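Residue numbers (this note's numbering): 7 to 496.
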């Protein structure tokens with residue numbers, strides 16, 4: 007794109023090219039979201055910002071237990087056969103937290119994989135750049151932290167764990183047979199503050215740094231990965247401290263910087279659509295493939311819930327986990343079936359508006375444009391009325407208008423998907439200047455006795471160049487820092 011931009015086109019052709027490229031990206035990104043009729047809650051997904059060096063032929067899925075990892079791993083294995091990439095899964099239950107030396111060895115080994123290459127493993131995030139290599143495309147999955155906790159609790163009620171506890175003479179199985187031990191419910195475990203259900207803020211809950219020769223609590227913390235924050239925070243010891251704000255912020259930073267998609271298990275099929283839209287080299291036709299499967303590779307564990315009081319207790323202990331989940335899911339912030347394009351003049355808004363109208367026919371959403379030249383700056387009362395009107399529209403719905411940003415949350419509503427376009431400010435100013443040299447604008451200025459047209463005929467006023475306007479310090483070309491610009495000026 008930069009090479010094309012740098013060619014010696016006239017300004018109008020340069021703008022046209024940028025509009026086409028911008029609309030292409032939007033149609034591949036936002037357009038796919040609009041077509042998701044059942045996408046009620048989001049996944050974190052992004053296109054890469056400038057300056058981020060990624061190996062686009064290397065996919066790394068660091069699996070978080072009990073978040074649909076078996077299912078997604080199986081899908082990747084099957085997709086590798088039809089999309090012509092090499093798929094590798096680490097079946098060895100090795101450490102998730104590894105030394106710097108082992109990190110470097112692992113990074114180099116993965117980097118040697120034949121391209122295109124997909125790798126997945128239960129491991130905490132590793133920044134490849136720490137070892138002089140570009141990062142892969144990182145992806146992962148999460149789920150509601152309380153549901154994950156309960157699922158993991160029953161998953162670990164296995165004969166293998168029971169025998170391990172018996173071998174260590176643990177008091178937790180003393181006098182109990184396998185059947186009795188397995189039938190201790192999660193509610194009983196939480197009520198009795200048993201070690202595997204007793205989460206304490208400030209304690210480390212890393213799977214592998216805790217020796218199995220220590221107390222029952224440490225044994226259980228080594229067997230039950232209660233939270234997923236370390237998978238995104240990384241390999242530092244502080245990443246494994248429950249309730250650590252440092253670990254939370256690091257996890258958010260890594261997701262925003264290195265992960266192309268972090269999906270949500272509760273919206274698995276919608277997440278697959280995001281994978282297919284953003285990473286087609288690995289996930290082409292994944293939604294069609296998944297729908298044909300009927301989830302044959304999903305773990306067949308019986309789903310059991312917990313009492314509401316115990317759910318609230320776990321939520322209190324997993325506050326930052328829930329914050330991280332909400333950050334990824336954005337389920338409480340965005341209306342995924344409502345798109346709002348607040349148009350910026352002279353940035354290709356006519357072109358993008360036309361494309362949205364055509365996409366509405368193809369992608370089956372309702373499109374509306376405000377043609378009335380109303381104010382861009384609205385009073386609080388008019389903002390409220392506008393937000394409520396937009397919110398009543400049939401879904402999925404796309405709306406575009408020349409208006410300044412309005413925070414829907416101010417009026418008790420979730421925000422829509424906001425999109426817009428910008429342009430080089432100087433070129434925008436010049437384009438707007440000549441756009442306004444018309445009879446309609448001239449007559450308005452004459453009615454207001456504006457000094458901009460004082461003593462000038464329409465032809466004389468229209469023939470004034472932008473250079474003359476700037477040199478004469480005429481109001482429409484004279485900008486002072488700290489001085490508000492009148493609405494609807496250039």
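Heads up, the beta-carbon is just placed ideally off N, CA and C, and yes, glycines get one too. Remember, predicted model here, so these are calculated numbers, not experimental data.
Member of 149, 321, 332 whose CA lies at the smallest distance from the CA of residue 206: Ranking 149, 321, 332 by Cα distance to residue 206 puts 321 first.
When 266, 411, 77 are compared against residue 386, the one with the closest alpha-carbon: Nearest C-alpha to residue 386 among 266, 411, 77: 411.
Residue(s) in a DSSP beta bridge with residue 101: According to DSSP, residue 101 bridges with nothing at all.
Beta-ladder partner(s) of residue 375, from DSSP: DSSP output for residue 375 lists 406 as bridge partner(s).
Residues sharing a beta bridge with residue 425, DSSP: Looking at the DSSP output, residue 425 bridges to 347.
Reduced DSSP secondary structure (H/G/I, E/B, other) of residue 210: Note: residue 210 maps to strand in three-state DSSP.
Delimiting residues of the alpha helix (DSSP H) encompassing residue 490: Per DSSP, residue 490 lies in no alpha helix (DSSP H) and is assigned neither H nor E.
Proximity to residue 444 [Cα-Cα], best of 265, 463, 277: Considering only alpha carbons, the answer is 463.
Residues bridged to residue 93 [DSSP beta-bridge criterion]: Its beta-bridge partners are 124.
Which residues DSSP lists as bridging residue 269, in chain order: The partner list for residue 269 (beta bridge, DSSP) reads 147.
Beta-bridge partners of residue 50, as assigned by DSSP: In the DSSP assignment, residue 50 is bridged to 268.
Three or more C-beta pairs below 8 Å linking the stretch 430 to 446 and the stretch 402 to 411: Contact fails: fewer than three Cβ-Cβ distances are below 8 Å.
Beta-carbon proximity of residue 188 to residue 72, cut-off 9 Å: No, these two residues do not count as a Cβ contact at 9 Å.
Reference residue 457; option with closest CA among 173, 465, 481, 468: Nearest Cα to residue 457 within the set 173, 465, 481, 468: 481.
Identity of the residues DSSP links to residue 67 by a beta bridge: In the DSSP assignment, residue 67 forms a beta bridge with 126, 145.
Nearest-angstrom beta carbon gap, residue 127 and residue 69 [assumed within contact, 8 Å]: So it is a contact: roughly 6 Å between Cβ atoms.
Neighbour-count burial assignment, residue 262, 16 or more Cβ in a 10 Å radius: By the neighbour-count rule (16 or more Cβ atoms within 10 Å), residue 262 is not buried but exposed.
Integer Cβ distance of residue 269 from residue 86, believed to fall under 8 Å: With 8 Å as the limit, residue 269 and residue 86 do not qualify as a contact, their Cβ atoms being about 19 Å apart.
Residue 112 - DSSP class collapsed to helix/strand/coil: The answer is helix: DSSP assigns residue 112 an H, G or I state.
Whole-number beta carbon distance between residue 421 and residue 413, since they are thought to touch under 8 Å: Right, the Cβ-Cβ distance comes to about 7 Å (below 8 Å), so this counts as a contact.
With 16 other Cβ atoms within 10 Å as the buried cut-off, status of residue 132: With a threshold of 16 other beta carbon atoms within 10 Å, residue 132 meets it and is buried.
Exposure of residue 489, with buried meaning 16 or more beta-carbon neighbours within 10 Å: Around the CB of residue 489, fewer than 16 other CB atoms lie within 10 Å, so the residue is classed as exposed.
Environment of residue 1 [buried if 16+ CB atoms lie within 10 Å]: Outside the modelled stretch of the chain, which goes from 7 to 496, sits residue 1, for which no answer is possible.
Reduced DSSP secondary structure (H/G/I, E/B, other) of residue 340: Of the three classes helix, strand and coil, the one that applies to residue 340 here is strand, per DSSP.
Residue 244 to residue 141 span [Cα, whole Å]: Looking at the two C-alpha atoms, the distance is approximately 22 Å.
Backbone secondary structure at residue 251 - three-state DSSP: In the structure shown, residue 251 sits in a helix (DSSP, three-state: H, G or I).
Supposed contact pair residue 310 and residue 160 - C-beta distance, whole angstroms, cut 8 Å: Going by Cβ atoms, the distance from residue 160 to residue 310 rounds to 6 Å, so yes, they are a contact pair.
Contact with chain C by residue 442, beta-carbon distance below 9 Å: In the displayed structure, chain C is absent; only one protein chain is listed.
Stretch pair the stretch 283 to 296 + the stretch 162 to 176: three plus CB contacts closer than 8 Å: No, they do not touch.
Proximity below 9 Å, CB of residue 254 to CB of residue 241: Taking 9 Å as the cut-off, the beta carbon of residue 254 is found no closer than this to the beta carbon of residue 241.
Exposed unless 16 or more other CB atoms sit within 10 angstroms - verdict on residue 395: Residue 395 comes out exposed.
Selected residue, minimal CA-CA separation from residue 400, among 145, 442, 344, 282: Minimum Cα distance to residue 400 is reached at 344.
Counted within 10 angstroms of its Cβ, other Cβ atoms place residue 376 as buried (16 or more) or exposed: Taking all protein chains shown into account, residue 376 has fewer than 16 neighbouring C-beta atoms within 10 Å of its C-beta and is therefore exposed.
Spatially closest choice to residue 419 from 461, 325, 398, by CA coordinates: Ranked by Cα distance from residue 419, the first of 461, 325, 398 is 398.
Residue from 297, 265, 451, 299 whose Cα sits closest to the Cα of residue 284: Out of 297, 265, 451, 299, 265 has the C-alpha closest to the C-alpha of residue 284.
Rounded C-alpha distance that separates residue 119 from residue 186: Within the model, the alpha-carbon separation for residue 119 versus residue 186 is close to 47 Å.
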